[in-house]
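Using our numbering, the final residue of the sequence shown is 152, and nothing's skipped along the way. Ideal Cβ positions, reconstructed from N, Cα and C, are used throughout, including at glycine. All of these numbers come straight from a predicted model, not from anything done at the bench. Working notes, beginning with the structure itself.
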Amino acid sequence: MKIRRRFPSDPLADLIPLPTHPPPFSPGFRLTQDRFDNMEINKFGFLWPEEERLVAWILHVHEMAFSWEEVEIGRFRNDYFDPVVFPIIEHTPWQEKNIPIPPALIDTVIQTIREKIKAGAYEPAQSAYRSSWFVVLKKNEFFGSANNGALD
Numbered sequence: 001m002k003i004r005r006r007f008p009s010d011p012l013a014d015l016i017p018l019p020t021h022p023p024p025f026s027p028g029f030r031l032t033q034d035r036f037d038n039m040e041i042n043k044f045g046f047l048w049p050e051e052e053r054l055v056a057w058i059l060h061v062h063e064m065a066f067s068w069e070e071v072e073i074g075r076f077r078n079d080y081f082d083p084v085v086f087p088i089i090e091h092t093p094w095q096e097k098n099i100p101i102p103p104a105l106i107d108t109v110i111q112t113i114r115e116k117i118k119a120g121a122y123e124p125a126q127s128a129y130r131s132s133w134f135v136v137l138k139k140n141e142f143f144g145s146a147n148n149g150a151l152d
């Protein structure tokens, strides 16, 4: 399997020139003041004030390239990358029973799965398979799924 990469247009052609005297930071749609402050851009005082303002300006101009929540995560455009199609060999599908979800967690698990579907992390299946997975309560009270020993 090989993924073809294409460049339908020059991604550098539309870059905005860097300002010689960047303005102070101003919050945007995604890059709020809190998020910017939490980045601690000049935590160790290495940058000059002008450089710090330039970093803030670059982050503000390109704020849609960053995500702080799962629903903000983007996807590669199909005109740059083909969708991945996994080749299969004809065979009889298998099924395994999942470990039951505790009744007290069902609503939270359903909400988490819906959020992941909305964010595009989970896609509708078009196969006859059922995979074995189970829910794990993490320290921050987020419920992740464990599959093959790896936490999502």
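Indicate the three-state DSSP secondary structure (helix, strand or coil) for arginine 35 in the structure shown.
Along the sequence shown, one-based indexing puts residue 35 at 35. Correct three-state label for arginine 35: helix.
Mind checking leucine 59: buried by the 16 CB within 10 Å criterion, or exposed?
Taking the first residue of the sequence shown as position 1, residue 59 is located at position 59. Counting Cβ neighbours within 10 Å, leucine 59 comes out buried, since at least 16 surround it.
The stretch 76-86 / the stretch 1-12 touching (three or more Cβ pairs under 8 Å)
yes
For the alpha helix (DSSP H) that lysine 97 lies in, which residues bound it at each end?
In the sequence shown, the residue the question calls residue 97 occupies position 97. Looking at the DSSP string, lysine 97 is not in any alpha helix (DSSP H), and its letter there is neither H nor E.
Pick helix, strand or coil for arginine 30, following the three-state DSSP scheme.
Locating residue 30 in the sequence shown gives position 30, counting from the first residue. In the structure shown, arginine 30 sits in coil (DSSP, three-state: anything other than H, G, I, E or B).
Around the C-beta of aspartate 14, are 16 or more other C-beta atoms found within 10 angstroms, so that it is buried, or is it exposed?
If you number the sequence shown from 1, residue 14 lands on position 14. Answer is exposed; the Cβ neighbour count stays below 16.
Return the chain-ordered list of same chain residues with a C-beta closer than 8 Å to the C-beta of glycine 120, the five sequence neighbours on each side being excluded.
One-based indexing of the sequence shown puts residue 120 at position 120. The residues are Ile73, Arg75.
So, are the CB atoms of leucine 18 and phenylalanine 66 less than 8 Å apart?
Counting from 1 along the sequence shown, the entry for residue 18 is found at position 18. Counting from 1 along the sequence shown, the entry for residue 66 is found at position 66. The answer is no: Cβ separation not under 8 Å.
Histidine 114 (DSSP reduced to helix, strand or coil):
By one-based count along the sequence shown, residue 114 stands at place 114. A small fix is needed here, since residue 114 is arginine in this sequence, not histidine. In this structure, arginine 114 counts as helix in the three-state DSSP scheme.
Compute the distance between the beta-carbons of asparagine 42 and glutamate 52, then report whether it is under 8 Å.
On the sequence shown, position 42 is the one that residue 42 refers to. On the sequence shown, position 52 is the one that residue 52 refers to. Taking 8 Å as the Cβ cut-off, asparagine 42 and glutamate 52 qualify as a contacting pair.
If we call anything under 8 Å between Cβ atoms a contact, is proline 22 one with phenylalanine 36?
The count along the sequence shown starts at 1 and reaches residue 22 at position 22. The count along the sequence shown starts at 1 and reaches residue 36 at position 36. No, Cβ-Cβ distance for proline 22 and phenylalanine 36 is not below 8 Å.
Tell me the rounded alpha-carbon separation between leucine 105 and isoleucine 99.
Start at 1 with the first residue of the sequence shown, and residue 105 comes out as number 105. Start at 1 with the first residue of the sequence shown, and residue 99 comes out as number 99. Taking the straight line joining both Cα atoms gives about 13 Å.
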